Amino acid sequence: MTATLLLPLLAGALVNLLLSQVVVDNLSGVGEMFGTLYSGGKKMLCAGVLGTLIAFALEKAFSIYGAAIVLLLAFIFFALSALSITPKKLFEFFRAEPAEKPEKKTKAAAAIAEPAPEQDEQREAEQTKKARRRAIDIPLDDEPAFTKKSAASEEPTVKEEPAPKKDGGLFGKKSAKAKPAKASADIEPMTIEEVEALTGISAVKMTDEGAVKTAAVSDPPKKASAAEVAAETEAIRNAIESATSDGEYEKPPIFLLKKGHAVAANSDEELRTNRERLENTIKSFGVSARIVDTTRGPTVTRYDLELDQGVKLSRLTNLAGDIALALGVVSVRIAPIPDKISTVGIEVPNKIISTVYLRDIIDSPRFASSKSKLSFAIGKDIAGQAVVGNIAKLPHLLIAGTTGSGKSVCMNSLIISLLYKSDPDEVKLIMIDPKMVELGVYNGIPHLYIPVVTDPKKAAGALQWAVTEMLKRYRLFSELGVRSLEAYNEHLAENGQPKMPSIVIVIDELADLMLVASKDVEESICRVAQMGRAAGMHLVIATQRPSADVITGLMKANIPSRIAFAVSSALESRIILDNAGAEKLIGMGDMLYAPIGCGKPLRVQGAFVSDDERDSIVQFIKRQSTAQYSEDVMAQIEKAAEDKGANGKGRGDDDEPSGKPDYDELLPQAVDVIFDTKQASVSMLQRRLKLGYSRAARIVDQMEEMGIIGPFEGSKPRQILITRDQWLEMQTTQGTAPTETLQIQTEFADEIDDM
Numbered sequence: 000m001t002a003t004l005l006l007p008l009l010a011g012a013l014v015n016l017l018l019s020q021v022v023v024d025n026l027s028g029v030g031e032m033f034g035t036l037y038s039g040g041k042k043m044l045c046a047g048v049l050g051t052l053i054a055f056a057l058e059k060a061f062s063i064y065g066a067a068i069v070l071l072l073a074f075i076f077f078a079l080s081a082l083s084i085t086p087k088k089l090f091e092f093f094r095a096e097p098a099e100k101p102e103k104k105t106k107a108a109a110a111i112a113e114p115a116p117e118q119d120e121q122r123e124a125e126q127t128k129k130a131r132r133r134a135i136d137i138p139l140d141d142e143p144a145f146t147k148k149s150a151a152s153e154e155p156t157v158k159e160e161p162a163p164k165k166d167g168g169l170f171g172k173k174s175a176k177a178k179p180a181k182a183s184a185d186i187e188p189m190t191i192e193e194v195e196a197l198t199g200i201s202a203v204k205m206t207d208e209g210a211v212k213t214a215a216v217s218d219p220p221k222k223a224s225a226a227e228v229a230a231e232t233e234a235i236r237n238a239i240e241s242a243t244s245d246g247e248y249e250k251p252p253i254f255l256l257k258k259g260h261a262v263a264a265n266s267d268e269e270l271r272t273n274r275e276r277l278e279n280t281i282k283s284f285g286v287s288a289r290i291v292d293t294t295r296g297p298t299v300t301r302y303d304l305e306l307d308q309g310v311k312l313s314r315l316t317n318l319a320g321d322i323a324l325a326l327g328v329v330s331v332r333i334a335p336i337p338d339k340i341s342t343v344g345i346e347v348p349n350k351i352i353s354t355v356y357l358r359d360i361i362d363s364p365r366f367a368s369s370k371s372k373l374s375f376a377i378g379k380d381i382a383g384q385a386v387v388g389n390i391a392k393l394p395h396l397l398i399a400g401t402t403g404s405g406k407s408v409c410m411n412s413l414i415i416s417l418l419y420k421s422d423p424d425e426v427k428l429i430m431i432d433p434k435m436v437e438l439g440v441y442n443g444i445p446h447l448y449i450p451v452v453t454d455p456k457k458a459a460g461a462l463q464w465a466v467t468e469m470l471k472r473y474r475l476f477s478e479l480g481v482r483s484l485e486a487y488n489e490h491l492a493e494n495g496q497p498k499m500p501s502i503v504i505v506i507d508e509l510a511d512l513m514l515v516a517s518k519d520v521e522e523s524i525c526r527v528a529q530m531g532r533a534a535g536m537h538l539v540i541a542t543q544r545p546s547a548d549v550i551t552g553l554m555k556a557n558i559p560s561r562i563a564f565a566v567s568s569a570l571e572s573r574i575i576l577d578n579a580g581a582e583k584l585i586g587m588g589d590m591l592y593a594p595i596g597c598g599k600p601l602r603v604q605g606a607f608v609s610d611d612e613r614d615s616i617v618q619f620i621k622r623q624s625t626a627q628y629s630e631d632v633m634a635q636i637e638k639a640a641e642d643k644g645a646n647g648k649g650r651g652d653d654d655e656p657s658g659k660p661d662y663d664e665l666l667p668q669a670v671d672v673i674f675d676t677k678q679a680s681v682s683m684l685q686r687r688l689k690l691g692y693s694r695a696a697r698i699v700d701q702m703e704e705m706g707i708i709g710p711f712e713g714s715k716p717r718q719i720l721i722t723r724d725q726w727l728e729m730q731t732t733q734g735t736a737p738t739e740t741l742q743i744q745t746e747f748a749d750e751i752d753d754m
């Protein structure tokens, strides 16, 4: 009671301390002071006599700020005392507060399962009063299995106990202290039917043994309905996810790629200065020519120079170093301009290079209007036009350049373009990454036939599988009488069958594969390159070491389309393009694009895509679809790798005895030659099989070892010791018969020239 009376006094003193208009220091006498304070309190100018004096005393003792803190703490203390709230109860309240916020359906059950001490006292009081009245006989009270549920059902009034916490005093403790017991005392006795209607417990039937037979609860249907709603929601969500994952492939949105912006720098002054210097330099060397046009591109600016009649191009190209020196640049590239008469382009690097983003190419009308599912973004040419390639027409692509020139970015642009353009059932990818760091991020996309191959031996097996798949496709084509994958898919579409996808084999670093398994890799690459176009199989090969032992002449002959990035010398440029010019590139995506049928390479600034953009696109595709790798293809590749590891040619296995002799693959053809000519000599095999001396002599030694021909007898010819029938039997028993692959290759050898 005292604490309650002191609260207005303390509140008045606190308000008087902060807002009072009466100054106690100016009052002279005690009577005048009491009178002034009393009248000021009536007019609401101060807190009255006691409040003003308390505030004045504390202000003199602690200053106005200290007095305010003291009064505030005193007010809080007496307020808690008035509400009968001790520090212990306050601590317990805040500690138990999170447990008192469950769902409405489970709040009462949780409160009864763990009752507070006060609730236990109230329940005992209620039970005492109920004992004096008519008891309600509910057999569930004796069943331990239903103790919690029956307790929750028998005392519905307990559910109202937590409610006064919000409607009562400061923390709801005042109303919860005494009123529930009083309310329970006023409750009239209820019948079993009323209890069943209120609690939801149906009539209980006892078995012969005295056990409970059934106890149906009508309150849980609310919980059951909530569970059913949750189950239905989960089922709908799973159905949506399954429909998204199993449905059609959703191409990634374009906003995942960064949008390019125009360069705000003014280049007119740079163009005018370079043009004047270029004209003066040409005149100083006595070359009769004039600049007729200027084209500024993302990386270089081309000055179109029209030569006068009788002026040789070589006179101008020999001045490339002098022109670069006069313009203050590292190098310039001088090349004829297609479709222009007597006009040469001098390409000068820009001081400010404009980045070409992949989104600019994919968003371009040229990429959108391309009907081929194998279209890919390359970049922008000098005129600023989007350049889009088509793997189906290339049909194979070789990408080469030094480290840091932009090969990996070009590969990522090509792969991401295919992800934007084609569905998994239209284009399948086989990725080979000996470096193990470039293409591994694409693992898990649905376009992959198999996971990214990083083992060089498995890479050779993957290429051999590609050869086998190519030959199988040609066999299917021959059965239907079609000549290409497009015609075969049209036939399948007419019959309602799924189409056969195109296959793009991406090899990130060819040099590593050539070091490990050069012969197998080169042979497989050349065979796919020769016959793969019509079968819908295409190669995209990248290497940073464009030397002759990596990019052999046979590969160059079968891979007609090339992209050359910056290289260190004109010799390397000739290895890639058969022409010089790549050594003049400035790097950072600057390339020479030479597709099949193009007379002169086209200078292009490659499209840039960052690692973050690539990762976001791959993650989007993985979320809405999953990869379904071909177990059959993986098994064939594993088997091919094991076979090569066990019976590899020239790989240090000579010391270990093998169950099968390692004979030359041309041995059967050589034996047929000696049977046809009736002569076994090295020179004959050289002429008929177009072999070198070493290989022809080794084949003759193998025939002698097998007992087909006799030993060397000086000037006399070797004797043939067996007949053709005996040779056929020997092929069957020793396993030297031609393989199925060799037979298929021979069968389709006549079609190679037509493709």
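For what it's worth, numbering that gives the first Met the number 0 labels the leading residue of the sequence shown as 0, then goes sequentially.
Glycine included, each C-beta is placed from N, C-alpha and C at the ideal position.
Only a predicted model underlies this, so the values are computations on that prediction, with no experimental measurement involved.
Considering only C-alpha positions, which residue in the set the options is nearest to residue i?
i    : options                   : result
S412 : L9, I444, R482 and S374   : S374
I506 : Q543, I68, L479 and M499  : Q543
K406 : E58, I361 and V566        : V566
P297 : M729, R274, Q384 and K258 : Q384
T51  : A66, L72 and N15          : N15
E827 : A461, L49 and G378        : What is shown of the chain runs 0 to 754, which leaves residue 827 out entirely.
I281 : V632, H260 and I345       : I345
G605 : M633, A376 and L72        : A376
S330 : V452, K350 and A81        : K350
L323 : P348, Q463 and F284       : Checking the displayed sequence, the identity of residue 323 turns out to be Ala instead of Leu. Checked all of P348, Q463 and F284; the closest Cα to A323 is P348.
P455 : V515, Y64 and A626        : V515
P7   : L570, A78, S353 and T731  : A78
Y37  : G30, G309, V48 and F564   : V48
I333 : Y356, Q618 and E305       : E305
T401 : S629, S572, R613 and V286 : S572
L315 : G327, V387 and P335       : P335
V286 : T272, V310, N557 and D267 : V310
W726 : L688, E712, A640 and I673 : I673
S363 : G552, K420 and S353       : K420
Leaving out five residues before and five after residue i in sequence, what residues of the same chain have Cβ atoms less than 7 Å from its Cβ?
i    : result
I698 : D663, L665, L666, A669 and L684
A325 : R276 and T280
E58  : L16 and A66
A223 : A caution first: A223 carries a pLDDT of 44, below 50, which makes its placement in the model too unreliable to give a value.
G439 : D432 and V451
I415 : L357, V608, R613 and I616
Compute the beta-carbon to beta-carbon distance between residue i and residue j, rounded to the nearest angstrom, for a pair I have assumed lies under 8 Å.
i    : j    : result
V481 : Y487 : 5 Å
I449 : M633 : 5 Å
Q718 : G709 : 4 Å
D303 : T342 : 5 Å
M756 : L484 : There is no way to answer for residue 756, as the model of the chain reaches only from 0 to 754.
K258 : R358 : 5 Å
L447 : Y628 : 7 Å
G378 : V603 : 4 Å
Excluding the 5 residues flanking residue i on each side, which residues of the same chain have their C-beta closer than 6 Å to its C-beta?
i    : result
L17  : none
G11  : A46 and G50
A458 : I431, V452 and L512
R613 : N411
I558 : H395, L397 and A528
L72  : none
L256 : L357, R358 and E612
In chain order, what residues of the same chain lie with their CB nearer than 8 Å to the CB of residue i, ignoring the 5 residues before and after it?
i    : result
L270 : T293, R295 and T300
V466 : S523, R526, V527 and T740
A67  : L13, L16 and L17
N442 : P450, V451 and A626
D653 : In this prediction, D653 scores a pLDDT of 40, lower than 50, which makes its location untrustworthy; the coordinate-derived value is nonetheless stated afterwards. No residues qualify anywhere along the chain.
V69  : L57 and F61
With which residues is residue i paired in a DSSP beta bridge?
i    : result
Q604 : K379 and D589
G344 : D303 and A334
*asked:* Quick test of the definition: if touching needs 3 or more C-beta pairs under 8 Å, does the stretch 502-520 touch the stretch 429-441?
replied: yes
Flag this pair as touching only if the stretch 608-628 and the stretch 581-588 have three or more C-beta atom pairs under 8 Å; answer yes or no. No, the stretch 608-628 is not in contact with the stretch 581-588.
Decide if the stretch 390-407 is in contact with the stretch 533-543; the criterion is three or more beta carbon pairs, one per stretch, under 8 Å apart.
yes
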